[in-house]
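Trainee: Right, I'll just put the structure down here and ask away after.
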Amino acid sequence: MQLLQPLPLGTASARNRLMFGPHVTNLADDQRRFTARHTAYYERRARGGCGIVVAEGASVHAVDWPYERAPLAERCADGWAAIAEACHAHGALVFASLDHAGGQGSSAYSQRELWAPSRVPEVNSREVPKSMEADDIAAVVAGFGAAAKLALDAGCDGVEINAGQHSLVRQFLSGLTNQRDDVWGHDRLLFAREVIAAVRAAAGTAVVGLRLSCDELAPWAGITPDAAVDLARALSSEVDYLVVVRGSIYSAEKTRPDFHEPTGFNIGVCRDVHAAITSTPVFLQGSVVEWGEAEWAIGDGVCDGVEMTRAQIADPDLAAKLAAGDGERIRPCIRCNQTCQVRDARSPIVTCVGEPTSGRETEDPNWYAPATRPRDVVVVGGGVAGLEAARVAAARGHRVRLVEQSDRPGGIAALAGPGGLLVDWLVAEVAAAGVPVSLGVAFDEAAPGEAVVQCTGGRAGTRPYEIEDGAVVLDVIDVHLGAELPEGPIALFDPIGGPIAVGLAESLGARAILVTQDQIAGNELSRSGDLAPANVRLQQQGVRIERRSLLRAVRPGEIELEDRFSGARRTVPCAALVDCGFRLPTDPIPGAVAQAGDCVAPRTIHEAILEARRAALAL
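Residue numbers (my numbering): 3 to 621.
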C-alpha cells in the first residue's frame, strides 16, 4: 500500500504518507499555551500509526489572537517539547504550524487592531483592519523566524508556514486583500518570500513546509487554480513540502465543508501543482476521509502524501488498521462538522460524534476495560446508542443481545443526515462481536438475571399549535420511514433550526415551505459551517421560506402563522404539515440498569455514543 510507504521530506523521512494536519482544538490554556490535553491528543494519533503530526497553528506575534484559546508561539516551547517527545516515542514526525491570521483574526481578545496588507473589511465580523506599516511587517517576519527557532529547539522535526485559509501570508499573496501601492503590493509574493527566508534561516536543514491556498474561490481577484501553479512553482524552491488547500475571506465555509461537498475537492488543483513542482513533495488536503481515495490519489499521481485530519479524529487508529489489513473496520468520518469544527464563540473542545474520546484523552476512562464480572445483558433499542452500547459491552466481555422493535437498525441517524455511514459501521462491528440482533421484535421482559440497558430513543414531542379536524399533520420521522405525502405544497415546521428540516426541504424542492422563527433558515447550522451553503441550496431548489414565523394553527389546506415581532397573523396554503420540532424521551423501562441516548433526552449522535459507552462501562 503506497499510503503506508515512507516519504522523504528534506533531511527527514516520514514512516508513511499520512498527515494529521493543523486545526483548531481549543485545548490550549488561558495563557495561550499547549497543554497536556494537546500532548495526549497528538500522541494518540502517533500511537495509531500516523506518520506526520502537525500541531495546531501558533500565532507568531502577540497582536494576533484570532480565537480565545489560540496558542502563542513565544509561550509554546514547553508544549512543543512535550508533544514532540510523546509522538517521537511512536515513530511520528512532529511539525509546528506557524501562523498569523491577519485581517481574519479578532480584536475581541487582544483589544488591538487587526493587522492586514490593506484595509479590506473582514467578511464575518465586518471589522476593518489596519494596513500594516513597515515596522509591523518587519516584526511579523521576525516573529516567524523566532517561532521556528523555538519550535526546533524544543524538539520538533520541522515547521509548517500557513499561507492557507486564515492566513496573513495568503492575504499578501491575493489581490482580494492586498491592494497596496508600495513594494509589498507591486510584488505580492515578496512577503511570503521574506517569511520563508526568515524561517529557513532559523531552521537550517530542518524540514520547512508550506500550506498554500491554491483556490480562493473568488476568481474575480483572488488566487485561482491556474494562477496557483505559478505561485506554487515560485515559492516551493525553499520548502521541503507543500500542502494544497483552498479558501479565502469570502469562502471560509468552504475551508472544511461538510457532507454536502464532494470528498477530495482539491484533487484537480493538487494534481496540477504536483505536476508543476515534481522536486517538492505535495500533500493533498480537502475532505479526504476514505483511505481508498487517499491510496488512489497517491497512485494516480495527484500527490505524494495525504492529509486525513478529520478521518483520524474519527479513528485515531486509521493507519494501524490499514497496516493490519483491517481497513474495513476503520470508523468512518461522516463529515458532519458538528463537534470537530470548534472555531466559534462557545470555544468548545474538539471531539467527534462517533469517537467522543477524541480531545478528551486525558480524562476519559478505558471504555474497553475487561469486566470483572461478565453479565448477561439485553440492549433494548437498536439506534446509535443501542448499537454502541452493545458493541462496547461485548468488547468488555459481557454476553449481549440486542432487541429492536423496528425492522431496521440505526434509528433516526439511518434515515436523515450523514449518519448512515456510522450506522453501517456500528452494525458491522456489533455483528463482528457476535452480538445477536433481533429486529421487528418488541421487548417484553428480560431473562432471569439479565441486565437491561434502555436505548429506545425518542418520540414525537408536544405540538404547540392547534390542529383542526381534517388537517394533515405528519411527524418528520414517519416521512423518512415512507409515510406518503399528499400532492401540493408541504409546510415544514422547524422551531429548532437544525439540519433535519433543511434536509427534507431540499429533497422536496419547490414543494417545500420551510417555517422558521429565525431570521434565516437553519440558524443552528452556523456551528457546523453549513449556514450559508444551506441557504444557497434551499434557494437553488426553489424552497419557500417563511421567516420570523410562529405556527399557530393547521387547518385543512392551510396553516396560520404569526409574525414573532409584529404579532400579525397570516395564512399560507399547503396540503400538509410535517412537524420537525423538538422530541421527547420514550417512557422508562422498569428495572433498566442504565439508559442512553434520546430516551434520556433527545439530542445528537455525540451524546448517544458517549452515554452508551458510559452505560456499558457501568455494567
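For every residue, glycine included, the Cβ atom is placed at its ideal position computed from N, Cα and C.
Leaving out five residues before and five after R403 in sequence, what residues of the same chain have Cβ atoms less than 6 Å from its Cβ?
Mentor: Taken in chain order, the residues that qualify are V380, P438.
Trainee: For A373, I'd like the list of residues in its chain whose CB is within less than 7 Å of its CB, leaving aside the five on either flank, ordered along the chain.
Mentor: Cβ neighbours of A373 beyond the five flanking positions: R398, G399, H400, L621.
Trainee: Kindly list the residues whose CB is nearer than 6 Å to the CB of R554, restricted to its own chain and excluding five residues on each side of it in sequence; keep chain order.
Mentor: These residues qualify, in order along the chain: Y467, E562, E564.
Trainee: Can you list, in chain order, the residues of its chain with a C-beta nearer than 6 Å to that of D600? Leave out the 5 residues immediately preceding and following it.
Mentor: Answer for D600: G459, G460, listed in chain order.
Trainee: Over what stretch of residues does the alpha helix (DSSP H) that includes P358 continue unbroken?
Mentor: First-last for P358: undefined, no H or E at that position.
Trainee: Report the residue ranges of all alpha helix (DSSP H) runs contained in full by the stretch 303–391; include only those spanning at least 4 residues, in chain order.
Mentor: Counting only runs of 4 or more, we get 311–316, 320–325.
Trainee: Looking at G249 and E295, is the spacing between their C-beta atoms short of 8 Å?
Mentor: No, they are not a contact pair.
Trainee: Distance, Cα to Cα, Q181 vs A94?
Mentor: Between Q181 and A94, the C-alpha separation is close to 41 Å.
Trainee: Starting from the Cα of P318, find the closest Cα among T13, A14, L5, M21 and give me that residue.
Mentor: Of T13, A14, L5, M21, the residue nearest in Cα terms is M21.
Trainee: Along the chain, which unbroken stretches of the alpha helix (DSSP H) at least 4 residues long are found entirely within the stretch 390–445?
Mentor: Listed in chain order, they are 422–434.
Trainee: Which class does N268 belong to by DSSP, given the choice of helix, strand or coil?
Mentor: It is coil, neither helix nor strand.
Trainee: Measure the C-alpha to C-alpha separation of A118 and V245 and round it to an integer number of angstroms.
Mentor: Approximately 23 Å between the Cα atoms of the pair.
Trainee: For the stretch 131–202, list the beta strand (DSSP E) runs that are entirely contained and at least 3 residues long, ordered along the chain.
Mentor: Runs found: 160–165.
Trainee: Would you kindly report the start and end of the unbroken alpha helix (DSSP H) that includes R49?
Mentor: Run containing R49: 38–49, per the alpha helix (DSSP H) assignment.
Trainee: Taking its Cβ as the centre, do 16 or more other Cβ atoms sit within 10 Å of Y44, making it buried, or is it exposed?
Mentor: Burial call: buried.
Trainee: Over the uninterrupted beta strand (DSSP E) stretch that includes S530, give me the two end residues.
Mentor: Note, S530: premise wrong, no beta strand (DSSP E); not H, not E.
Trainee: How many angstroms separate the CA atom of T280 from the CA atom of R273?
Mentor: Those two C-alpha atoms are separated by around 11 Å.
Trainee: Using the rule of at least 16 other Cβ atoms within 10 Å of the residue's Cβ for burial, across every protein chain shown, is D409 buried or exposed?
Mentor: Its Cβ having fewer than 16 others within 10 Å, D409 is exposed.
Trainee: Measuring straight from C-alpha to C-alpha, what distance separates A577 and V474?
Mentor: Roughly 7 Å separates the two Cα atoms.
Trainee: Leaving out five residues before and five after A433 in sequence, what residues of the same chain have Cβ atoms less than 8 Å from its Cβ?
Mentor: Taken in chain order, the residues that qualify are V439.
Trainee: Is the separation between the beta-carbon of Q597 and that of S551 shorter than 8 Å?
Mentor: The answer is no: Cβ separation not under 8 Å.
Trainee: With a threshold of 8 Å on Cβ separation, who are the neighbours of Q4 within its own chain once the five nearest residues in sequence on each side are excluded?
Mentor: The residues are R19, E297, I300, G301.
Trainee: Quick one: what's got a C-beta closer than 6 Å to G500's C-beta in the same chain, skipping five residues either side?
Mentor: Hits under 6 Å: E526.
Trainee: Where L191 and Q173 are concerned, what is the direct C-alpha to C-alpha distance, given to the nearest angstrom?
Mentor: Near 10 Å, if we compare the C-alpha coordinates of Q173 and L191.
Trainee: Between R377 and L483, what straight-line distance do the alpha-carbon atoms span, to the nearest angstrom?
Mentor: Rounded to whole angstroms, R377 to L483 spans 35 Å at the Cα level.
Trainee: Is it true that the stretch 133–152 meets the stretch 191–205, where meeting means three or more beta-carbon pairs spaced less than 8 Å apart?
Mentor: In short, these stretches touch, since the Cβ pair count reaches three.
Trainee: Going by CA-CA distance only, name the one from L170, G472, H608 that's closest to S120.
Mentor: Closest by alpha carbon: L170.
Trainee: Could you give the residue range of the beta strand (DSSP E) that holds V241?
Mentor: It is not in any beta strand (DSSP E) - V241 carries neither H nor E in the DSSP assignment.
Trainee: Starting from the C-beta of A103, find all residues in its chain whose C-beta is less than 6 Å away, skip the five residues before and the five after it, and write them out in chain order.
Mentor: Cβ within range, chain order: D66, P68, H168.
Trainee: Note down, in chain order, each residue of its chain lying with its Cβ closer than 6 Å to the Cβ of G422, except the 5 sequence neighbours on either side.
Mentor: Around G422: A416.
Trainee: Taking the straight line between their C-alpha atoms, what separation do you get for E196 and V143?
Mentor: Roughly 7 Å separates the two Cα atoms.
Trainee: Suppose contacts are defined by Cβ-Cβ distances below 8 Å. Is V478 in contact with I502 by that definition?
Mentor: The answer is yes: Cβ separation under 8 Å.
Trainee: Below 8 Å, how does it come out for the stretch 26–39 and the stretch 310–317: are there three or more Cβ pairs, yes or no?
Mentor: With the cut-off at 8 Å, the stretch 26–39 and the stretch 310–317 do not touch.
Trainee: Over what stretch of residues does the beta strand (DSSP E) that includes G211 continue unbroken?
Mentor: First-last of the beta strand (DSSP E) with G211: 209–215.
Trainee: Which residues bound the alpha helix (DSSP H) around D80?
Mentor: Per DSSP, D80 belongs to the alpha helix (DSSP H) from 79–90.
Trainee: Rounded to whole angstroms, what's the CA-CA distance from R312 to V352? Just pull it up for me.
Mentor: Answer to the nearest angstrom: the Cα atoms are 11 Å apart.
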